[in-house]
Each structure stands twice: as structure tokens, then as C-alpha cells.
Amino acid sequence: MSTVELDATQSPGAPRGAAQAAPRGHRLRIGDPIFQVLATACGLGLAVAMFGLAGVLVYNSWPAISGLGTSVFTTVAWSPVDHQYGALAALAGTFLSTLVAMVIAVPLALVIALLLVELVHPAVARVVGTAIEMLAAIPSIIFGMVGIFVIVPFIQDKLVPWLLTTPLANVPGIKPGPQNQGGGLSIFTAGVVLAFMVLPFITAVSRDVLKMVPQVTKEAGYGMGSTTWEVMHKISMRYANSGIVGAVFIGLGRALGETMAVAYLIGSVYTQLPRSLFDPGTSIASLIAQQFSEATDKIQVSALIELGLILFLITVVFQIMAQVWLRRVQRSTGGRA
Amino acid sequence: MVGTTVDEQTEMHSQATVVPPRLEVAEDRRGAVEDFDQLPSEISVRDLDFFYGKEQALFGNSIEIKKNRVTAVIGPSGCGKSTHIRAYNRIFNLYRDQKAKGEILFDGANILSSQIDLLDLRRRIGMIFQKPSPFPMTVFDNVAYGLRQHYRMSRSDLSNRVEDALKRSAIWDEVEHKLNEPGNALSGGQQQRLCIARAIAAEPDVLLMDEPCSAIDPVGTAKIEELILALKNKYTIVLVTHNMQQAARVSDYTAFFFQGRIVEFGPTTKIFSNPAEKQTEEYITGRFG
Numbered sequence: 641m642s643t644v645e646l647d648a649t650q651s652p653g654a655p656r657g658a659a660q661a662a663p664r665g666h667r668l669r670i671g672d673p674i675f676q677v678l679a680t681a682c683g684l685g686l687a688v689a690m691f692g693l694a695g696v697l698v699y700n701s702w703p704a705i706s707g708l709g710t711s712v713f714t715t716v717a718w719s720p721v722d723h724q725y726g727a728l729a730a731l732a733g734t735f736l737s738t739l740v741a742m743v744i745a746v747p748l749a750l751v752i753a754l755l756l757v758e759l760v761h762p763a764v765a766r767v768v769g770t771a772i773e774m775l776a777a778i779p780s781i782i783f784g785m786v787g788i789f790v791i792v793p794f795i796q797d798k799l800v801p802w803l804l805t806t807p808l809a810n811v812p813g814i815k816p817g818p819q820n821q822g823g824g825l826s827i828f829t830a831g832v833v834l835a836f837m838v839l840p841f842i843t844a845v846s847r848d849v850l851k852m853v854p855q856v857t858k859e860a861g862y863g864m865g866s867t868t869w870e871v872m873h874k875i876s877m878r879y880a881n882s883g884i885v886g887a888v889f890i891g892l893g894r895a896l897g898e899t900m901a902v903a904y905l906i907g908s909v910y911t912q913l914p915r916s917l918f919d920p921g922t923s924i925a926s927l928i929a930q931q932f933s934e935a936t937d938k939i940q941v942s943a944l945i946e947l948g949l950i951l952f953l954i955t956v957v958f959q960i961m962a963q964v965w966l967r968r969v970q971r972s973t974g975g976r977a
Numbered sequence: 002m003v004g005t006t007v008d009e010q011t012e013m014h015s016q017a018t019v020v021p022p023r024l025e026v027a028e029d030r031r032g033a034v035e036d037f038d039q040l041p042s043e044i045s046v047r048d049l050d051f052f053y054g055k056e057q058a059l060f061g062n063s064i065e066i067k068k069n070r071v072t073a074v075i076g077p078s079g080c081g082k083s084t085h086i087r088a089y090n091r092i093f094n095l096y097r098d099q100k101a102k103g104e105i106l107f108d109g110a111n112i113l114s115s116q117i118d119l120l121d122l123r124r125r126i127g128m129i130f131q132k133p134s135p136f137p138m139t140v141f142d143n144v145a146y147g148l149r150q151h152y153r154m155s156r157s158d159l160s161n162r163v164e165d166a167l168k169r170s171a172i173w174d175e176v177e178h179k180l181n182e183p184g185n186a187l188s189g190g191q192q193q194r195l196c197i198a199r200a201i202a203a204e205p206d207v208l209l210m211d212e213p214c215s216a217i218d219p220v221g222t223a224k225i226e227e228l229i230l231a232l233k234n235k236y237t238i239v240l241v242t243h244n245m246q247q248a249a250r251v252s253d254y255t256a257f258f259f260q261g262r263i264v265e266f267g268p269t270t271k272i273f274s275n276p277a278e279k280q281t282e283e284y285i286t287g288r289f290g
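Line by line, the protein sequences give chains F and V.
Take my numbering: the final residue in the first sequence is number 977, and no numbers are missing along the way.
Take my numbering: the final residue in the second sequence is number 290, and no numbers are missing along the way.
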């Protein structure tokens with residue numbers, strides 16, 4: 641109260657002891673506007689970079705957009721020798737490998753995050769949490785190599801032969817298609833490795849948002865006679881849902897754009913749509929990576945840049961969808977704004 | 002009005018006129034006239050010790066919580082009030098290093114025994130926390146939470162019971178048209194009554210209230226106090242409070258805690274007018290704490 645009264649009796653900006661403390665007051669008055677200008681500049685810079693990126697992509701892919709028209713979306717094969725620039729195979733490979741990755745990684749990440757926050761001893765949680773975070777620091781080429789040396793043989797020699805003995809072998813999408821090369825280098829393999837690559841991101845972010853659920857809310861849940869599982873999935877997960885969706889989209893963005901590991905593992909078939917998850921294929925990012933250095937034709941370069949633009953747009957659309965969904969969830973559950 | 006939110010201000014404007022005077026509700030001071038030993042006990046605590054790790058927080062607490070009475074637990078901060086009632090529903094079990102020793106008899110069984118069904122215990126002994134803690138779901142779902150968890154019932158039965166619980170918690174009129182809005186969109190006082198509705202919907206026998214009004218503005222506090230007086234006909238209530246006026250206003254019996262020990266326990270009127278212990282007198286007259 642006393643400071644308020646003092647302020648009221650003195651001119652603003654001249655607190656008690658202003659004579660001695662003048663330089664400090666001076667600095668504070670200047671500091672805020674400077675910081676505001678700097679922050680605004682950084683914020684604007686980000687927006688400019690974003691739109692600039694989109695602009696450059698559009699500009700450089702224009703020859704392909706105008707020259708090839710919609711054939712990029714309507715034809716399957718990418719075959720520069722035949723002047724065919726169809727992206728359907730790459731799009732299909734991108735979506736399928738990402739789907740496989742998310743189907744594996746999201747539940748696993750959530751279970752691990754809940755385990756770390758709710759169930760295990762804090763010391764164990766710290767160690768395991770650090771280990772998972774270190775997964776994120778491993779270069780993607782290493783994941784690609786592990787995929788080549790470990791996952792590919794496993795899927796080719798163990799998983800696919802076993803699958804063929806089960807009724808699943810006849811399910812469309814599982815049953816290896818005509819391009820089957822044994823299933824080792826396939827969309828599925830790329831997806832599995834992608835899952836491990838996005839796992840640490842989803843886990844770490846989910847864990848952090850789950851940690852922010854107030855203790856009293858959880859206690860209230862237990863106080864109502866809930867089991868740990870009920871508190872976790874009815875209360876903690878709902879409380880944290882916006883953060884968890886954010887975490888999933890971080891993983892999704894990474895899976896969609898991941899290049900090297902996928903290029904290693906997906907089989908690099910550019911000309912045919914996959915009929916099965918165990919077929920080889922390609923993804924947008926790995927197609928760009930593998931063809932860009934050899935692209936000489938102007939239209940080919942431009943078409944590859946158009947692929948980049950498509951990838952960019954896909955992630956933007958996913959982001960927007962996530963935001964819309966989040967807003968709806970928050971309205972109905974009262975999650976954090 | 003300083004420091005209140007817009008929500009609370011509207012609540013104050015619309016409700017300020019209907020707050021009845023309290024304090025002179027003479028017939029509610031039952032502790033003064035009835036025979037304590039003749040009353041049935043809902044909970045009997047015997048020699049309760051409590052430990053945070055190696056540090057002992059409660060020392061030999063023994064107390065009888067009488068059925069359908071409000072028992073207030075008062076004492077300076079850190080004296081073990083909350084710790085004491087957190088033993089009644091074993092909520093302390095969530096924390097590895099917390100341990101209770103002794104006996105807490107409830108419905109013929111020792112709550113502290115490992116054989117007790119914790120889920121049913123916590124349904125029967127509901128808890129209201131210091132900070133309003135609505136779940137991240139709609140008002141309706143908040144109240145239906147315990148019902149869905151512990152009972153199987155038709156949808157119409159469920160909504161009847163939700164309505165009933167909200168009415169008994171004196172909040173129905175305020176949320177009747179907000180049942181599908183998020184629980185945490187309500188004002189602080191409303192949230193706390195929502196939590197009370199959530200607890201009583203599950204048909205408990207006992208309500209533990211851990212400083213339920215400490216985060217609530219005066220009008221909200223008045224409503225919760227009225228509610229406590231109304232609820233004791235059906236439930237046994239243990240109210241932890243650092244507000245001595247509140248203890249005097251709503252409780253029948255009062256226990257004074259100091260440094261983990263129950264210094265004095267008796268009818269509220271006696272504790273506040275003629276305490277037997279010097280420490281109690283010093284505390285209630287505001288000389289420490």
C-alpha cells in the first residue's frame with residue numbers, strides 16, 4: 641500500500657530517492673521501448689522468413705506449375721527420362737510411412753510419458769527421460785543405418801515370412817504387392833524407423849505438459865475414488881490434451897519431412913503406387929534428396945521445388961487442422977486456453 | 002472490489018442482497034447441549050502418528066468424529082491440520098515417503114489397514130480441496146464423474162442425480178443453463194460448490210474439507226458456509242480452517258491442533274468461550290498463530 645500512496649503523491653517516473661537513483665529510472669524508461677522494438681522486429685522477421693520461403697518456393701516452382709499443370713497430382717510416376725513428373729507415388733509413400741510412424745509412436749510416446757510422470761520413481765523417470773531425450777539428438781543418418789542393418793533384416797527375414805503364414809497375408813495393404821522385394825526396404829520399414837525418430841519429441845513434450853497438470857486436480861481425481869489409470873486418461877490427458885496434440889504435430893511435422901533415414905529405407909521406387917505397406921516406394925522428401933543433385937533439366941529442378949512447396953503446404957494444412965481441432969476441444973472441456 | 006475478477010463482481014452484485022445473517026444460529030450449536038459420549042461416532046482416530054519421510058508430523062492424535070456433525074480443525078499453519086484429515090481418505094498414499102501409523106476406525110474397519118478398498122473408501126469419504134479443482138470437463142460431466150465411476154445407471158437417472166447433487170450444493174440456479182460449459186469457466190466460489198456437488202453425487206458418508214474457502218471471496222465463502230450447515234443433516238463433515246470465525250460459525254465440535262498434537266477437542270462453544278488449555282486460549286484470542 642505504501643508504495644502506491646507514494647507514487648500518487650509524486651510525479652510518475654520519479655520514485656522515492658529519485659535524485660540518487662536517476663540513472664536507473666532513466667534506463668528503465670528507455671529499456672522497455674527498445675525491447676518492444678526488438679521483439680517486434682524478431683516476430684516480424686519470423687513472419688517475413690515464413691512468407692519469403694513460401695514466395696521463393698512458388699517463384700522457383702512456377703515453371704513446373706505452369707508447364708506441367710495438374711499432371712503432378714494426377715500421374716503416378718516420377719521419371720525425368722520420360723519427362724514424367726507425377727508425384728502421386730511420392731505423396732502416397734509420404735502419407736503411408738508417416739501413418740505407420742504415428743500409429744506406432746503416438747501410443748508408445750503417451751504410455752512412456754504417463755509412465756514417467758505418474759508411475760515410476762522420480763529418479764528412474766529422470767534417467768529414462770534423459771535417455772529418451774538423447775534419442776532426439778542422434779543424427780538421422782544413424783537411424784537410417786540402424787534401419788538398414790537391424791530393422792530391414794528383421795522385417796524381411798522374420799516379420800514378413802511370419803505375416804504370410806497368418807490370415808493377415810490376405811488383407812489388402814498388408815499382402816505384399818507385385819513389386820514385393822521381400823518387404824525389407826519398404827514403406828513399413830521407413831515408418832518403423834520414423835516412429836523411433838519422432839518418439840522422443842512426442843514423449844518429451846507430452847511428459848512436460850502432463851507434468852503441468854496441477855497436483856490438486858490429480859488429488860481430486862484420486863479423492864473421488866479413481867484408479868491411477870482413470871486419473872491419467874480421464875483427467876490428466878484431458879487437462880493436457882492441447883499440449884499432447886501439439887506434441888503429436890511436432891512429431892508429425894518431423895515424420896513428414898524426414899529425409900535421410902527414409903531415403904535409405906523406403907526402397908526408392910518412383911514409378912508405381914504401393915499396393916501394400918511392405919512394398920517399396922518413395923516419399924516427397926527422399927525423392928527431392930535423391931534427385932536434386934542430378935537434376936539438370938530446368939523443368940526437373942522446378943518440379944522438385946514444386947514438391948518442396950507441396951510438402952510445405954501439407955505441413956501448414958496439418959498445423960491449421962490441429963489448431964481448429966484444439967479450439968474445439970478446449971471449448972468443450974475447458975482445457976487451458 | 003479490489004482484486005476481484007469480473008465474474009466475481011457480477012456474482013457479488015447479484016447475490017449480495019440474499020446473504021442471510023449468520024452467527025446467531027443458536028440451534029446449530031448443538032455441541033453445547035448434547036451429550037458427546039452418547040452420539041454415534043463416524044470416525045474414531047486412535048493414536049495416529051504421521052511421518053513425512055523421517056520427520057514426524059502428527060503425534061498420537063486421538064479424536065472422535067461424530068456422525069452428522071461438523072467438526073472443525075483449527076490451528077496455526079503447519080500444525081498438521083491438513084495432514085491429519087488427509088489420513089482419513091489415505092490420499093497421502095499417493096506420495097511414497099508419507100506414512101501413517103495408528104488406527105482410524107470407520108464403519109468397523111481400520112482405514113489404515115492394507116486390506117481396505119481405497120477406491121470405495123474415497124467414494125465414501127469425499128474430499129474438498131483448498132483450491133477449487135474442477136476436472137477439465139463440462140459442469141455436468143464433473144458432477145457425473147463419481148457417479149459414472151462407481152455406479153451403473155441409465156442416462157436419465159444420471160442426469161436426475163446430477164441435478165439433485167447440484168441442487169443440494171446450492172449451485173443449480175447458477176449453472177442450470179451452463180451444464181455443458183467447462184467447469185473451470187465458473188467463478189472460484191462456484192467452482193468450489195461444483196466440487197462439493199461432485200463429491201456428494203457419489204453418495205459419500207463423510208466430507209473432508211481442507212480449507213475450502215481460503216481461495217474464495219467473502220460472498221462465496223458465505224454460501225459455502227451455509228451449504229456446510231445444510232449438508233450436515235446428511236453427511237459428517239470435517240472442516241479444516243484457519244479462519245476461527247468460520248469454525249465458530251459452522252462447527253459443532255472443534256479440535257485445536259498445535260505442532261502435530263491435538264491440544265484440545267470439545268464443543269465449539271466451549272473451545273471459543275472457555276477453553277481448558279492455555280495454548281488454545283492464546284490461539285483463539287490471536288496471541289499467536
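For glycine and all other residues, C-beta sits at the position ideal for the given N, C-alpha and C.
These figures come from a predicted structure and were not determined experimentally.
Of the residues the options, the one placed nearest residue i, counting alpha carbons only
| i | options | result |
| --- | --- | --- |
| residue 200/V | 169/V, 222/V and 58/V | 169/V |
| residue 144/V | 97/V, 118/V, 279/V and 185/V | 185/V |
| residue 904/F | 809/F, 876/F, 805/F and 791/F | 791/F |
| residue 1001/F | 965/F, 756/F and 846/F | Since the first residue shown for chain F is 641 and the last is 977, residue 1001/F is missing from the structure and cannot be characterised. |
| residue 62/V | 190/V, 286/V and 44/V | 44/V |
| residue 206/V | 224/V, 212/V and 236/V | 236/V |
| residue 102/V | 119/V, 58/V, 128/V and 74/V | 58/V |
| residue 781/F | 899/F, 947/F, 912/F and 934/F | 899/F |
| residue 231/V | 166/V, 270/V and 91/V | 166/V |
| residue 76/V | 274/V, 248/V and 277/V | 248/V |
| residue 1021/F | 748/F, 784/F, 683/F and 682/F | Since the first and last residues shown for chain F are 641 and 977, residue 1021/F lies out of range. |
| residue 882/F | 777/F, 700/F, 969/F and 788/F | 969/F |
| residue 962/F | 683/F, 735/F and 893/F | 893/F |
| residue 813/F | 869/F, 733/F and 949/F | 733/F |
| residue 896/F | 833/F, 752/F and 809/F | 833/F |
| residue 830/F | 806/F, 860/F, 873/F and 785/F | 785/F |
| residue 130/V | 196/V, 79/V and 88/V | 196/V |
Per-residue burial, residue i [other beta carbons within 10 Å of its own, 16 or more giving buried]
| i | result |
| --- | --- |
| residue 676/F | exposed |
| residue 828/F | buried |
| residue 194/V | buried |
| residue 837/F | buried |
| residue 110/V | exposed |
| residue 713/F | exposed |
| residue 933/F | exposed |
Near the ligand NAD: residue i beta-carbon under 6 Å from a heavy atom
| i | result |
| --- | --- |
| residue 179/V | The model on display carries no ligand, and the ligand NAD is accordingly not part of it. |
Simplified DSSP state of residue i, which is helix, strand or coil
| i | result |
| --- | --- |
| residue 717/F | coil |
| residue 783/F | helix |
| residue 266/V | strand |
| residue 961/F | helix |
| residue 69/V | coil |
| residue 725/F | strand |
| residue 737/F | helix |
| residue 217/V | coil |
| residue 879/F | helix |
| residue 226/V | helix |
| residue 271/V | helix |
Proximal residues to residue i (C-beta, below 6 Å), its chain only, five neighbours per side dropped
| i | result |
| --- | --- |
| residue 192/V | 133 and 135 |
| residue 72/V | 66, 239 and 254 |
| residue 23/V | Any reading at residue 23/V needs caution, since the residue's pLDDT is 36, under 50, leaving its predicted position unreliable; the model's value is listed next. Contacts found: 250. |
| residue 769/F | 756 |
| residue 835/F | 741, 744 and 745 |
| residue 123/V | 90 |
| residue 151/V | 124 and 203 |
Residues near residue i in its chain [Cβ-Cβ closer than 8 Å; skip 5 each side]
| i | result |
| --- | --- |
| residue 680/F | none |
| residue 141/V | 160, 163, 180 and 181 |
| residue 234/V | 69 |
| residue 920/F | 819, 821, 825, 826, 827, 906, 907, 908, 909 and 914 |
| residue 935/F | 720, 941 and 944 |
Whole-Å CB distance - residue i paired with residue j, under 8 Å assumed
| i | j | result |
| --- | --- | --- |
| residue 910/F | residue 711/F | With a Cβ gap of about 15 Å, residue 910/F and residue 711/F do not count as contacting. |
| residue 888/F | residue 746/F | 6 Å |
| residue 74/V | residue 259/V | The Cβ separation is near 12 Å, so there is no contact. |
| residue 190/V | residue 211/V | Actually they are not in contact, since the Cβ atoms of residue 190/V and residue 211/V sit about 16 Å apart, beyond 8 Å. |
| residue 952/F | residue 694/F | 7 Å |
Chain C within 7 Å of residue i, Cβ atoms only
| i | result |
| --- | --- |
| residue 41/V | As a matter of chain content, chain C is missing from the structure shown, whose protein chains are F and V. |
Cutoff 7 Å; reference residue i; Cβ partners in own chain excluding five residues on either side
| i | result |
| --- | --- |
| residue 700/F | 942 and 945 |
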